[in-house]
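Engineer: So that we are looking at the same thing, I have put the structure below in structure tokens.
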């Protein structure tokens, strides 16, 4: 990746000056800078340092997207997740260039494909008719819980992020993700993938910066319905966030107790953690 | 309306002891560091029995007994054998149904018609239903070999004392956990009778432990280190405190909290059926129901018609002796609850809503509140926002289905909702959009052990009942 410096190459032509990328947040399908104007250096680039206001804006965008996204047919949601896999496949080399191991990129692509297939199956697997003792018919089916706040794991930067975002959104939730501060570049690049994958704006919002600073605003936000603490490594910080989440009784997915094998079969637990069961009754008769 | 002759159910079937100890390790024991309190009949204020109040040391004893039973007996036992104990309990509940119903009505104040025909049959049904799961857990959809968690600490409310006990204990035992349960301080007696049923079923000592007491006892239980799972049914405020107190621990938590359900009546609904549903939705169990349909949303075009029919129906409700088989509305559970209902209804009047109750004579003794409706209620009124937990209905109107959805969802709660319309496609459209864990269409307040129950939003998390109800007690 040469971005040159005005040097002259062997053929006597001036070497081309590269276009450097400015790394921004991903909120509501757009790429704003942090409203705070702050940034921090990562690998010779400056990455946006999200603020409390950015968290609020992201929650607003996520909330606005819930109705449309949860109302989309499961078939359509599956298609869009599969489209993410297609776009990611096309940008494989870009992630490798950022230092993501090729095997991890492949696994991340395959993870989108795995979750894409769940969109129209989770209701069948986790819902059912109930044999009520009386002249009634009722049906229990899972539904998205709403806006999910996610503290993403730092490692593996791409696969870890995909593994927490895809299961939350495939069922119709929208997410606000606080990206770990140590390795934000794959996340920002993923947001470019998401922005070109027919995913409606606001379904996924990615905030770079310091989760230790913004986490409590997300955990205490009254318009967030659930909190995924997978990326939290400091138990005290996790407890503080879990307490804050009790304010509006958010569903909390606690931090893992030990190392996570992100390459293993993910199972369904990450999807069901952010689902509600709704049971609808009706009398039977003539 | 003609007069009914009194038809009281006999109390003689209940053999009340003057005092009760704690049920720990299979025996009734005296509290070590606790005191005692009295349980009264809310319909007459008569003292029914003296009950032990468990201190932190007693709670610790109970948790240890439960842990020992988990490690040595209940955990290692095959699901097949656990099932047989649960089936035994279900059968004994059926055999002693009348005794349980009378005691429930005495201690709680609910009409015998409800304890006899709703509560106790559902208690037996829950034990039957979950008994059958005990040896089939690998087929429940949580993996081939889901594991129990250990000791479950369970705190239940006073509105359905024995039914809430069954909702908590049946799935916990079926999945291989042992339990320490704290019943509400105003309604501990049927839980203590249930302890005798456990003895009668020869349930191994320590599998079920009952610690009676008030909030401090519940807190000691919830915060005990030996508890692996906390299940709570009660107010949203207490639920929040519990969520805070288990933060940072590995205790699994399920909460079944308050509600402010909308009961939505469209202009094509059969009015008589809808009115029956409205009455059942809010006046069942004196409105002491977390999923009560306490906000009536009537489509403007049928408002007058529905209100006339509703008032006519309300005038036929019989309030009085809970043990009388003709009684529709029994006593308010406690003086404190009566105060809360009075305070909130006074605020309703002060905020400008119009109050109406049918002509209704209240008994001199005990805690009573006449069935009441408020009309002219707006969404900002406290009677439209706060859970009153009493026989008080707030009536609002709407014009379009979209407005009905908007108003129904305009609450931090999300437990239940009702829809009354003849149009099937509208039912399904509404059911999709209502943010509530249970949606009753053309019916209300129906419960069944096979059917998951629980809330969205601030009505809590987790489900009780059904296959989904097993998850709360499994390591998944």
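Chains as they are written, first to last, in this note's numbering: chain A, 20 to 305; chain B, 57 to 532. Where a beta carbon is used, it is the ideal one built from N, C-alpha and C, also for glycine.
Over the uninterrupted beta strand (DSSP E) stretch that includes residue 285 (chain B), give me the two end residues.
Structural biologist: In the second chain, the residue the question calls residue 285 (chain B) occupies position 229. Residues 285–289.
Engineer: Select from the stretch 156–174 of chain A all residues with a C-beta closer than 7 Å to any C-beta belonging to chain B, and list them in chain order.
Structural biologist: 157, 159
Engineer: So, do the stretch 512–525 of chain B and the stretch 211–227 of chain B have three or more beta carbon pairs nearer to each other than 8 Å?
Structural biologist: A contact exists between the stretch 512–525 of chain B and the stretch 211–227 of chain B.
Engineer: Going along the chain, which residues of its own chain have a beta-carbon closer than 6 Å to the beta-carbon of residue 149 (chain B), five neighbours each way excluded?
Structural biologist: Reading the second chain from its first residue, position 93 is the one you call residue 149 (chain B). Here the set comprises 179, 180.
Engineer: Does the beta-carbon of residue 576 (chain B) have 16 or more other beta-carbons within 10 angstroms, so that it is buried, or is it exposed?
Structural biologist: In the structure as shown, chain B starts at 57 and stops at 532, and residue 576 (chain B) therefore has no counterpart that could be examined.
Engineer: Compare the C-beta of residue 268 (chain A) with all C-beta atoms of chain B and state if any pair is closer than 8 Å.
Structural biologist: For the purposes of this step, residue 268 (chain A) is taken as residue 249 along the first chain, with counting starting at 1. Yes, residue 268 (chain A) lies at the interface with chain B (some Cβ there is under 8 Å from its Cβ).
Engineer: Suppose only complete runs of 4+ residues qualify. What are the alpha helix (DSSP H) ranges in the stretch 207–280 of chain A, listed by chain order?
Structural biologist: 230–239, 254–264
Engineer: CB residue 207 (chain B) to CB residue 69 (chain B), shorter than 8 Å?
Structural biologist: Taking the second chain and counting its residues from 1, one reaches residue 207 (chain B) at position 151. Taking the second chain and counting its residues from 1, one reaches residue 69 (chain B) at position 13. Cβ distance not < 8 Å, so residue 207 (chain B) and residue 69 (chain B) don't count as in contact.
Engineer: Terminal residues of the continuous alpha helix (DSSP H) containing residue 201 (chain B)?
Structural biologist: Position 145 of the second chain, counted from the start, is the residue given in the question as residue 201 (chain B). Looking at the DSSP string, residue 201 (chain B) is not in any alpha helix (DSSP H), and its letter there is neither H nor E.
Engineer: Taking the alpha-carbon positions, what's the residue 342 (chain B) to residue 388 (chain B) distance?
Structural biologist: Looking up residue 342 (chain B) in the second chain gives position 286. Looking up residue 388 (chain B) in the second chain gives position 332. Computed Cα separation, rounded: 7 Å.
Engineer: Note down, one range per segment and in chain order, each beta strand (DSSP E) of at least 3 residues found wholly within the stretch 400–477 of chain B.
Structural biologist: 410–412, 428–431, 448–454, 472–476
Engineer: Along the chain, where does the beta strand (DSSP E) containing residue 104 (chain B) start, and where does it finish?
Structural biologist: Translated into positions along the second chain, residue 104 (chain B) becomes position 48. Its beta strand (DSSP E) spans residues 103–109.
Engineer: Below 7 Å on C-beta distance, what does residue 498 (chain B) contact in chain A?
Structural biologist: Your numbering for residue 498 (chain B) matches position 442 in the second chain. 301, 302, listed in chain order.
Engineer: In whole angstroms, give me the CA-to-CA distance for residue 301 (chain B) and residue 504 (chain B).
Structural biologist: In the second chain, counting from the first residue as 1, residue 301 (chain B) sits at position 245. In the second chain, counting from the first residue as 1, residue 504 (chain B) sits at position 448. Taking the straight line joining both Cα atoms gives about 32 Å.
Engineer: With DSSP as the reference, label residue 23 (chain A) as helix, strand or coil.
Structural biologist: The residue you call residue 23 (chain A) lines up with position 4 of the first chain. In this prediction, residue 23 (chain A) has a pLDDT of 46, which is less than 50 and means its spatial position is unreliable; what the coordinates show is noted afterwards. Looking at residue 23 (chain A) - three-state DSSP - the assignment turns out to be coil, as it is neither helix nor strand.
Engineer: Is residue 297 (chain A) close to chain B? Criterion is C-beta to C-beta, closer than 8 Å.
Structural biologist: As a working mapping, residue 297 (chain A) is identified with position 278 in the first chain. Yes, its Cβ sits closer than 8 Å to a Cβ of chain B.
Engineer: Could you check whether the Cβ of residue 24 (chain A) sits closer than 8 Å to any Cβ belonging to chain B?
Structural biologist: The count along the first chain starts at 1 and reaches residue 24 (chain A) at position 5. Confidence at residue 24 (chain A) is low in this model, with a pLDDT of 49, below 50, so the placement of that residue is unreliable and no value is reported for it.
Engineer: Per DSSP, what are the beta-bridge partners of residue 311 (chain B) in this structure?
Structural biologist: The residue you call residue 311 (chain B) lines up with position 255 of the second chain. Paired residue(s): B:288.
Engineer: Kindly list the residues whose CB is nearer than 6 Å to the CB of residue 295 (chain A), restricted to its own chain and excluding five residues on each side of it in sequence; keep chain order.
Structural biologist: For this step, residue 295 (chain A) is matched to residue 276 along the first chain. So the qualifying residues of the chain are 162, 164.
Engineer: Of all the residues that make up the stretch 121–153 of chain A, which are near chain B by a beta-carbon distance shorter than 8 Å?
Structural biologist: 144, 145, 147, 149, 150, 151, 152, 153
Engineer: Residues in its own chain within less than 6 Å of residue 176 (chain B) by CB, not counting five upstream and five downstream?
Structural biologist: Numbered from 1 along the second chain, position 120 holds the residue referred to as residue 176 (chain B). Only 153, 156, 157 meet the Cβ criterion.
Engineer: When the Cα atoms are used, what is the spatial distance from residue 35 (chain A) to residue 41 (chain A)?
Structural biologist: Your numbering for residue 35 (chain A) matches position 16 in the first chain. Your numbering for residue 41 (chain A) matches position 22 in the first chain. Going from the Cα of residue 35 (chain A) to the Cα of residue 41 (chain A) covers about 19 Å.
Engineer: On the criterion of 16 or more Cβ atoms from any shown chain inside 10 Å, does residue 261 (chain A) qualify as buried, or is it exposed?
Structural biologist: For the purposes of this step, residue 261 (chain A) is taken as the residue at position 242 of the first chain. The residue is buried, with at least 16 neighbouring Cβ atoms inside 10 Å.
Engineer: Check whether the Cβ of residue 105 (chain A) lies closer than 8 Å to any Cβ atom in chain B.
Structural biologist: Counting from 1 along the first chain, the entry for residue 105 (chain A) is found at position 86. Output row for residue 105 (chain A): interface = no.
Engineer: Please report whether the beta-carbon of residue 20 (chain A) lies at a distance below 8 Å from any beta-carbon of chain B.
Structural biologist: On the first chain, position 1 is the one that residue 20 (chain A) refers to. With a pLDDT of 44 at residue 20 (chain A), under the threshold of 50, the modelled position of this residue cannot be trusted; read the value that follows with caution. False, the Cβ-Cβ gap to chain B never drops below 8 Å.
Engineer: If you drop the 5 nearest sequence neighbours on each side, which residues of the same chain put their C-beta closer than 8 Å to that of residue 20 (chain A)?
Structural biologist: Sequence index remark: in the first chain, residue 20 (chain A) carries index 1 (1-based). Reliability fails at residue 20 (chain A), whose pLDDT of 44 lies under 50, so the model's placement of it is uncertain and the value that follows must be treated cautiously. For residue 20 (chain A), where only same-chain residues beyond five positions count, the Cβ hits under 8 Å are 37, 116.
Engineer: From residue 23 (chain A) to residue 63 (chain A), what does the alpha carbon distance come to, in whole angstroms?
Structural biologist: Mapped onto the first chain, residue 23 (chain A) falls at position 4. Mapped onto the first chain, residue 63 (chain A) falls at position 44. For residue 23 (chain A), the pLDDT reaches just 46, beneath the cut-off of 50, and the residue's location in the model is therefore unreliable, leaving the point undetermined.
Engineer: Within this structure, are the beta carbons of residue 281 (chain A) and residue 155 (chain A) separated by less than 8 Å?
Structural biologist: What you label residue 281 (chain A) is simply residue 262 of the first chain in a count that begins at 1. What you label residue 155 (chain A) is simply residue 136 of the first chain in a count that begins at 1. In this structure, residue 155 (chain A) does not lie closer than 8 Å to residue 281 (chain A) by Cβ.
Engineer: Going along the chain, which residues of its own chain have a beta-carbon closer than 6 Å to the beta-carbon of residue 254 (chain B), five neighbours each way excluded?
Structural biologist: For the purposes of this step, residue 254 (chain B) is taken as the residue at position 198 of the second chain. Excluding residues within five positions, the ones whose Cβ falls inside 6 Å are 264.
Engineer: Taking the straight line between their C-alpha atoms, what separation do you get for residue 365 (chain B) and residue 433 (chain B)?
Structural biologist: Locating residue 365 (chain B) in the second chain gives position 309, counting from the first residue. Locating residue 433 (chain B) in the second chain gives position 377, counting from the first residue. The straight-line gap from Cα to Cα measures roughly 19 Å.
Engineer: Hey, quick one: how far does the alpha helix (DSSP H) through residue 224 (chain B) stretch, first residue to last?
Structural biologist: For this step, residue 224 (chain B) is matched to residue 168 along the second chain. It spans 217–230 - the alpha helix (DSSP H) in which residue 224 (chain B) sits, taken as one unbroken run.
Engineer: Between which two residues does the beta strand (DSSP E) containing residue 320 (chain B) stretch?
Structural biologist: Here residue 320 (chain B) refers to the residue found at position 264 of the second chain. Counting along the chain, the beta strand (DSSP E) containing residue 320 (chain B) begins and ends at 318–321.
Engineer: Taking residue 324 (chain B) and residue 62 (chain B) to be in contact with their CB atoms under 8 Å, please state how far apart those CB atoms are, rounded to whole angstroms.
Structural biologist: Residue mapping note: residue 324 (chain B) aligns to position 268 of the second chain, counting from 1. Residue mapping note: residue 62 (chain B) aligns to position 6 of the second chain, counting from 1. The C-beta separation of residue 324 (chain B) from residue 62 (chain B) comes to about 41 Å, leaving the pair out of contact by the 8 Å criterion.
Engineer: What are the residues of the stretch 190–202 of chain A that lie near chain E, defined by any Cβ-Cβ distance shorter than 7 Å?
Structural biologist: Of the protein chains in this structure, namely A and B, none is chain E.
Engineer: Ends of the beta strand (DSSP E) at residue 208 (chain B)?
Structural biologist: Taking the first residue of the second chain as position 1, residue 208 (chain B) is located at position 152. 207–211 is the extent of the beta strand (DSSP E) around residue 208 (chain B).
Engineer: Any residues in the stretch 226–238 of chain B with a beta carbon nearer than 9 Å to a beta carbon of chain A? Which ones, in chain order?
Structural biologist: none
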